[in-house]
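For the sequence shown, this note's numbering puts the final residue at 418, and the numbers step up evenly by one.
Here a beta-carbon is modelled for each residue, glycine too, at the ideal position from N, C-alpha and C.
Remember, predicted model here, so these are calculated numbers, not experimental data.
Here is the structure we will look at.
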Amino acid sequence: MTLTIRGGRLALPDAIVEGDLQIEDGKITRLGTVERDLGEVIDARGLLVMPGVIDPQVHFRDPGLTHKEDLHSGSRACLAGGVTSYLEMPNTKPATISLEAMAAKKARAEEVSCAHYGFFIGATPHNLEVLNAVEQVCGIKIFMGSSTGDLLVHERSALENIFGHGQRLIAVHAEDEARLLARKAAFGAVTDVALHSELRDAESARLASDLALELSERYQRRLHILHLSTKEEVELLRARGKGAGRVTAEVTPQHLTLHAPEIYARLGTKAQMNPPLRSAEHAAALWAGLKDGTLDCIATDHAPHTLDEKAQPYGTAPSGMPGVETALPVMLDAAHRGLCRVEDVVRWMTDGPRRCYGIVGKGRLQVGADGDLALVDLARRTRVGDRPYQTKVGWNPFEGTWLTGWPVMTIVLGQVAMRDGEIDDTVRGRPLRFSAGE
Ligand code: DOR
């Protein structure tokens, strides 16, 4: 819980500076020059010392689908990727839509999670009381269009009922169910996965985001748009405005860097996710949105499915791909290739999610903050898949890609939880605390 880091490049909230850092009893107590060694002394010369990554959207499948992932394996994968905190989705089995299911998930996380955790309560058309009664959750998740699992709230009256009653943050999976159904009927029996991005087209996403923004404005309700995927939605956010922080949005590394339709020829149904990967033109708009602050943060939407499940034909194969182990390297590699700056990556993956969800004590290197860190070798070049995966499903959409910039150490409350890829899975995370929407 106590350690001293010497000679790193510290990613402070406003600049990267050379210096030391000390953690005592799990909290950062000194930054800059540290005079006296305490605890283990880590030589960070040549390394970037950044706050532990916060991944604000993962699916860890626990309970019910633990052959794909569980809170232990998923959190091990977090540590491998420099992620020290995660927010997890409610489409488990049973879905997290009741006080009992939420309590059970928190109890399980307390027992097995190696990283800090927060959970979304899932909305149904009938559980408004639960949405407002449940305590210490990161927000309400609404699937406006159907995806993996059976959670769905698509009728306007049901959405109005949720937006109009309560204060808690609402996070939406924005795809318009009526349009998805109409296109499915019009396309008939599709066997070519490359049509996935046409079936669930950009207009389906735009329609749902537009409705969510309208309801957020009408009821002055805090809204977060999950895995935003289209140029049109970026434009919509710019045109409608974000209500001085009332609205925030995220994007995934895969929507930024993997492009349809080409990606389907290479990965087949492994590239199938909802909302779908889109063209390079959409990706360029997402990058621009991140850079000008229209989009606030990066999330992986880590959605593991086994290789057997993914090997089924299009139509039966499930949507989603793992990502928590590679998100930071994918983004740092983008910085290495000149697409953005390292300080941008740090901000989008630490302080950005902290701000969106009001996560207390995380996301910034400052005295008094929790001692959660990722130590990164910006020059390290490694091929995805050469190091064994921690995710149970054992594959990754970036497999075979050389990436430059990898975490070499992950620290949780002053404890070394990952060192050169070796995980200490006796480390336990704590429940995250939220100030937004509570
Ligand atoms: O592709 C997806 N997979 N999108 C989602 O919204 C859910 C996720 C999953 O849970 O598999």
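Reference residue i; option with closest CA among the options
i        : options                           : result
Glu212   : Thr381, Ser93, Ala264 and Lys250  : Ala264
Glu379   : Glu323, Thr362 and Val227         : Thr362
Arg334   : Gln292, Asp281, Cys277 and Gly351 : Cys277
Asp400   : Phe143, Ile150, Met389 and Leu161 : Met389
Glu402   : Gln370, Thr381, Arg408 and Leu383 : Gln370
Leu179   : His145, Gly273 and Asn254         : Asn254
Thr237   : Arg317, Asp5 and Leu191           : Arg317
Asp35    : Ser55, Asp42 and Val117           : Ser55
Ala314   : Gly300, Gln234 and Pro411         : Gln234
Ile142   : Val21, Glu109 and Glu4            : Glu109
Leu11    : Leu345, Ala81 and Pro293          : Leu345
Ile339   : Ser65, Ile(-15) and Arg41         : Ser65
Glu15    : Lys7, Ala245, Leu131 and Leu1     : Leu1
Leu131   : His207, Val170, Ile122 and Leu160 : Ile122
Gly385   : Val407, Arg321, Gly129 and Glu91  : Arg321
Gly303   : Thr280, Val325, Glu323 and Asp288 : Thr280
Leu67    : Thr228, Ala188, Pro241 and His282 : His282
His207   : His96, Thr228, Val133 and Thr171  : Thr228
Thr128   : Val38, Gly19 and His52            : Val38
Leu(-10) : Leu18, Leu27, Asp17 and Ala291    : Leu27
Ala151   : Val133, Ala158, Arg163 and Asp288 : Val133
Residue i - containing beta strand (DSSP E), residue span
i      : result
Pro387 : Trp382 to Val392
Leu358 : Leu353 to Arg363
Glu20  : Glu20 to Asp23
Lys121 : Gly119 to Phe123
Glu4   : Ile(-4) to Glu4
Leu275 : Looking at the DSSP string, Leu275 is not in any beta strand (DSSP E), and its letter there is neither H nor E.
Arg399 : Gln395 to Arg399
Contact test: residue i Cβ vs the ligand DOR heavy atom, cutoff 8 Å
i      : result
Gln252 : yes
Met301 : yes
Ala307 : no
Phe167 : no
Ala112 : A small fix is needed here, since residue 112 is Asn in this sequence, not Ala. For the ligand DOR, not one heavy atom lies less than 8 Å from the Cβ of Asn112.
Thr286 : no
Ser177 : no
Phe99  : no
Pro105 : no
Asp281 : yes
Phe143 : no
Phe414 : no
Met389 : no
Asn376 : no
Met69  : yes
Thr296 : no
Ser127 : yes
His39  : yes
His134 : no
His153 : yes
Continuous alpha helix (DSSP H) stretch holding residue i: start and end
i        : result
Ala245   : Glu242 to Leu247
Thr104   : Careful: Thr104 lies outside any alpha helix (DSSP H) and carries neither H nor E.
Ala264   : Ala260 to Lys271
Phe143   : Arg136 to Phe143
Leu(-10) : No alpha helix (DSSP H) holds Leu(-10); the beta strand (DSSP E) holding it covers Leu(-17) to Ala(-9).
Lys7     : Counting along the chain, Lys7 falls outside any alpha helix (DSSP H), though it belongs to the beta strand (DSSP E) covering Lys7 to Gly12.
Glu289   : Leu287 to Lys290
Cβ distance (whole Å) where residue i is taken to contact residue j below 8 Å
i        : j        : result
Ile77    : Gly98    : Contact doesn't hold; Cβ gap of about 17 Å is too wide.
Thr306   : Gly61    : 6 Å
Asp5     : Thr(-16) : With a Cβ gap of about 14 Å, Asp5 and Thr(-16) do not count as contacting.
Ser126   : Leu257   : Not confirmed; about 19 Å, so no contact.
Leu160   : Ser184   : 6 Å
Thr274   : Leu217   : 5 Å
Phe100   : Pro70    : 5 Å
Gly(-12) : Leu355   : 7 Å
Met301   : Ala192   : Their Cβ separation, rounded to whole angstroms, is 24 Å, which puts Met301 and Ala192 out of contact at 8 Å.
Gly409   : His96    : 4 Å
Residue i CB to nearest heavy atom of the ligand HEM below 8 Å
i      : result
Pro233 : Here the bound small molecules are the ligand DOR; the ligand HEM is not part of this structure.
Cβ of residue i within 9 Å of any chain B Cβ
i     : result
Ala57 : Absent from the structure is chain B; it holds one protein chain and no more.
query: Curious, which full-length alpha helix (DSSP H) runs of at least 4 residues does the segment 297 to 342 contain?
result: 307 to 316, 322 to 326 and 332 to 337
- prompt: Taking only runs of the beta strand (DSSP E) that begin and end inside the segment 154 to 238, which ones reach a length of at least 3 residues, in chain order?
  reply: 203 to 205 and 227 to 231
task: Pick out the complete alpha helix (DSSP H) segments inside the segment 32 to 83, 4 residues or longer, and give them in chain order.
output: 51 to 60
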